[in-house]
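Engineer: Position one of the sequence shown corresponds to residue 19 (my numbering), numbered consecutively onward. The following block contains the structure, expressed as structure tokens.
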Amino acid sequence: MTVRVPAKVNLQLSVGPVGPDGYHPLSTVFHAVSLFDDVTASRQPKGAGLRLAVRGQGVGEVPLGPSNLAARAAIALAGRVGVEPDVALLIRKGIPVAGGMAGGSADAAAALVACDALWGSHLPRAELHAIAATLGADVPFLLMGGTAIGTGRGDRLTPVLASGRFQWVFALAHEGLSTPQVYRRFDELTAGRQVPRPAIDSAVLEALRAGSAHALGAALTNDLQDAAISVRPALRAVLDAGRDAGALGAIVSGSGPTVAFLVADDAAAMEITLALSPSGLCQSLRQAFGPVHGARITAAA
Ligand code: C5P
């Protein structure tokens, strides 16, 4: 059973003050984009347990033990539906690893959908969503895809009306960033200040409704951007280079270090790719579009 799952970029990420549970309340607009991971779940003999293999770029940074989110997803689902997790999971990475695009969460969402089909449990979406939320804040959105507002930890979702399709260029970094480290830096940078409650900016929603890439480019915001730049100062030059090359908007994706450039068309995407490729500022550039669907079965044997 093979499931294809997209990456996400946050079109707006409003971060509130850290709570007693160590999490930050969020108001965010998630947008699923066409960089994909494929997760294949195959039956194993009884008692074989869970096997995990990962292929693709950056696999050295993916944990292969019990902390792997896809493995945790399969084990959580097995516990819920009362089967033994005798399954082999093969993850093929197209989403940058530790890139701020929720690649690990995407694999968890894909593993849930794949194992749910493999084991014939066919849980209602609401139940898969509930399991997803226990695995990580971004996992429920990767099940759903499209464009959606996320509140709470980012796991309470409301779909957003978006017209048309937006074109992106993503600048992938040479090395990943740790999400908890970026949130800690956010706490350090805001220490002694009143952090406002997170809120959605209506400009983002209006731009999405109108399908206006120009308006959306101007409305992109990310409260974690300064923290990500503080941990990885080189990101500032990446953002500037994309803006200089004509991006309609430039933003650090989630907790970084991937940088997202919103562009008007193929020619603009090419301009940015040509400007950044020889600069050595990033490891590689990828073109993508959004919104795209969430985790979905693409092949069943
Ligand atoms: O939920 P997830 O495992 O993706 O989050 C990784 C880490 O990011 C958390 O352990 C926490 O340190 C930080 N985080 C946060 N507030 C959120 C989401 C994540 O502080 N809303």
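No residue lacks a Cβ here, since even glycine has one placed at the ideal position from N, Cα and C.
1) Should proline 198 be listed as close to the ligand C5P, given that the test is whether its C-beta is under 7 Å from any heavy atom?
2) In three-state terms, what does DSSP make of histidine 140?
3) Is there at least one non-hydrogen atom of the ligand C5P closer than 7 Å to the beta-carbon of proline 134?
4) Out of curiosity, what's the CA-to-CA distance linking phenylalanine 204 and proline 38?
5) Is glutamate 289 buried or exposed, if buried means 16 or more other CB atoms sit within 10 Å of its CB?
6) Quick one: residues in its chain with C-beta nearer than 7 Å to the C-beta of alanine 91, no 5 flanking neighbours on either side, listed in chain order?
7) Restricting to Cα atoms, I'd like to know which of Leu68, Ala59, Gly312 and Gly274 is closest to leucine 197.
8) Rank Ala318, Leu238, His311 and Asp258 by C-alpha distance to the C-alpha of leucine 160 and give the top, closest one.
9) What is the residue span of the alpha helix (DSSP H) that threonine 291 lies within?
10) From Phe279, Leu179 and Phe307, pick the residue whose C-alpha is nearest to that of valine 270; which is it?
11) Is the beta carbon of lysine 26 sitting closer than 8 Å to the one on valine 72?
12) State the start and end residues of the unbroken beta strand (DSSP E) segment that holds leucine 108.
13) Closest to valine 80 by C-alpha separation, out of Pro103, His49 and Val115, would be which residue?
14) Three or more C-beta pairs under 8 Å: does that hold for the region 54-72 against the region 88-105?
15) Rounded to whole angstroms, what's the CA-CA distance from glycine 83 to isoleucine 109? Just pull it up for me.
16) Looking only at its own chain, which residues have a Cβ that is under 7 Å from the Cβ of glutamine 301, when we skip the five neighbours before and after it?
17) Look at leucine 299 and alanine 246 and say whether their C-beta atoms are less than 8 Å apart.
18) Could you give the C-beta distance for leucine 226 and threonine 165, rounded to a whole number, given that I count them as a contact under 8 Å?
19) What are the uninterrupted segments assigned as beta strand (DSSP E) that are 3 or more residues long and contained completely in the region 20-73, given in chain order?
20) Contact check, glycine 172 vs alanine 155 under 8 Å by CB: the rounded distance?
21) State yes or no: is the C-beta of histidine 147 nearer than 7 Å to some heavy atom of the ligand C5P?
22) Classify glycine 210: buried if its beta carbon has 16 or more other beta carbons within 10 angstroms, exposed otherwise.
23) Would the C-beta of glycine 194 count as close to the ligand C5P, meaning under 7 Å from any of its heavy atoms?
24) Which whole-angstrom value is the C-beta distance of valine 57 and proline 24, which I expect to be below 8 Å?
25) Helix, strand or coil: which one does DSSP assign to histidine 311?
26) Which residue wins for smallest C-alpha separation from proline 251, given the options Ala265, Ala228 and Leu195?
27) Distance check for leucine 234 and methionine 162, CA to CA, integer angstroms please.
28) Taking the alpha-carbon positions, what's the glycine 100 to aspartate 55 distance?
29) Which residue marks the beginning of the alpha helix (DSSP H) containing glycine 97, and which one marks its end?
Structural biologist: Reading off the structure:
1) Translated into the one-based positions of the sequence shown, residue 198 becomes position 180. For the ligand C5P, at least one heavy atom lies less than 7 Å from the Cβ of proline 198.
2) Taking the sequence shown and counting its residues from 1, one reaches residue 140 at position 122. The answer is coil: DSSP assigns histidine 140 none of H, G, I, E or B.
3) As a first step, residue 134 must be located in the sequence shown, where it is residue number 116. According to the sequence shown, residue 134 is aspartate rather than proline. It does not: the Cβ of aspartate 134 is nowhere closer than 7 Å to a heavy atom of the ligand C5P.
4) Residue numbering aside, residue 204 sits at position 186 when the sequence shown is read from its first letter. Residue numbering aside, residue 38 sits at position 20 when the sequence shown is read from its first letter. Each residue's Cα considered, the two are about 16 Å apart.
5) The sequence position of residue 289 within the sequence shown is 271, counting from 1. Per the 10 Å Cβ criterion, buried.
6) One-based indexing of the sequence shown puts residue 91 at position 73. Excluding positions up to five away in sequence, the list reads Ala126, Ala129, Leu130 and Leu153.
7) Looking up residue 197 in the sequence shown gives position 179. Before going further, note that residue 197 is threonine rather than leucine in the sequence given. For threonine 197, the closest of Leu68, Ala59, Gly312 and Gly274 by C-alpha to C-alpha distance is Gly274.
8) As a first step, residue 160 is located in the sequence shown; it is residue number 142 there, counting from the start. For leucine 160, the closest of Ala318, Leu238, His311 and Asp258 by C-alpha to C-alpha distance is His311.
9) Taking the sequence shown and counting its residues from 1, the one referred to as residue 291 is at position 273. Per DSSP, the continuous alpha helix (DSSP H) segment holding threonine 291 begins and ends at 284-294.
10) Locating residue 270 in the sequence shown gives position 252, counting from the first residue. Minimum Cα distance to valine 270 is reached at Phe279.
11) By 1-based counting over the sequence shown, the position of residue 26 is 8. By 1-based counting over the sequence shown, the position of residue 72 is 54. No; because the gap between Cβ atoms is not below 8 Å, this pair is not in contact.
12) Mapped onto the sequence shown, residue 108 falls at position 90. Leucine 108 -> beta strand (DSSP E) spans 105-111.
13) Here residue 80 refers to the residue found at position 62 when the sequence shown is read from its first residue. Distance from the Cα of valine 80 is smallest, within the candidate group Pro103, His49 and Val115, for Val115.
14) Result yes; three or more Cβ-Cβ pairs closer than 8 Å.
15) The residue labelled residue 83 in the question sits at position 65 within the sequence shown. The residue labelled residue 109 in the question sits at position 91 within the sequence shown. For glycine 83 and isoleucine 109, the gap between their C-alpha atoms comes out near 14 Å.
16) Here the question's residue 301 lines up with position 283 in the sequence shown. Cβ neighbours of glutamine 301 within its own chain (closer than 7 Å, five residues either side excluded): Leu190, Ala191 and His192.
17) For the purposes of this step, residue 299 is taken as the residue at position 281 of the sequence shown. For the purposes of this step, residue 246 is taken as the residue at position 228 of the sequence shown. Contact flag unset, no.
18) Residue numbering aside, residue 226 sits at position 208 when the sequence shown is read from its first letter. Residue numbering aside, residue 165 sits at position 147 when the sequence shown is read from its first letter. Right, the Cβ-Cβ distance comes to about 6 Å (below 8 Å), so this counts as a contact.
19) Counting whole runs of 3 or more residues, the region 20-73 contains the beta strand (DSSP E) stretches 20-33 and 44-61.
20) Translated into the one-based positions of the sequence shown, residue 172 becomes position 154. Translated into the one-based positions of the sequence shown, residue 155 becomes position 137. Indeed they touch by this definition, with Cβ atoms about 4 Å apart.
21) Sequence index remark: in the sequence shown, residue 147 carries index 129 (1-based). No, the ligand C5P has no heavy atom inside 7 Å of this Cβ.
22) In the sequence shown, the residue the question calls residue 210 occupies position 192. Burial call: exposed.
23) Counting from 1 along the sequence shown, the entry for residue 194 is found at position 176. Remark: the C-beta of glycine 194 is outside contact range of the ligand C5P, defined as less than 7 Å to any heavy atom.
24) For the purposes of this step, residue 57 is taken as residue 39 along the sequence shown, with counting starting at 1. For the purposes of this step, residue 24 is taken as residue 6 along the sequence shown, with counting starting at 1. That pair is no contact at about 12 Å.
25) On the sequence shown, residue 311 is found 293 positions in, with the first residue counted as 1. Histidine 311: strand per DSSP, three-state reduction.
26) Counting from one through the sequence shown, the residue named residue 251 turns up at place 233. With distances taken between Cα atoms, proline 251 lies closest to Leu195.
27) For this step, residue 162 is matched to residue 144 along the sequence shown. For this step, residue 234 is matched to residue 216 along the sequence shown. One C-alpha to the other measures close to 22 Å.
28) For the purposes of this step, residue 100 is taken as the residue at position 82 of the sequence shown. For the purposes of this step, residue 55 is taken as the residue at position 37 of the sequence shown. If you draw a straight line from the Cα of glycine 100 to the Cα of aspartate 55, it comes to about 27 Å.
29) What you label residue 97 is simply residue 79 of the sequence shown in a count that begins at 1. In the DSSP assignment, glycine 97 falls within the alpha helix (DSSP H) that extends over 87-99.
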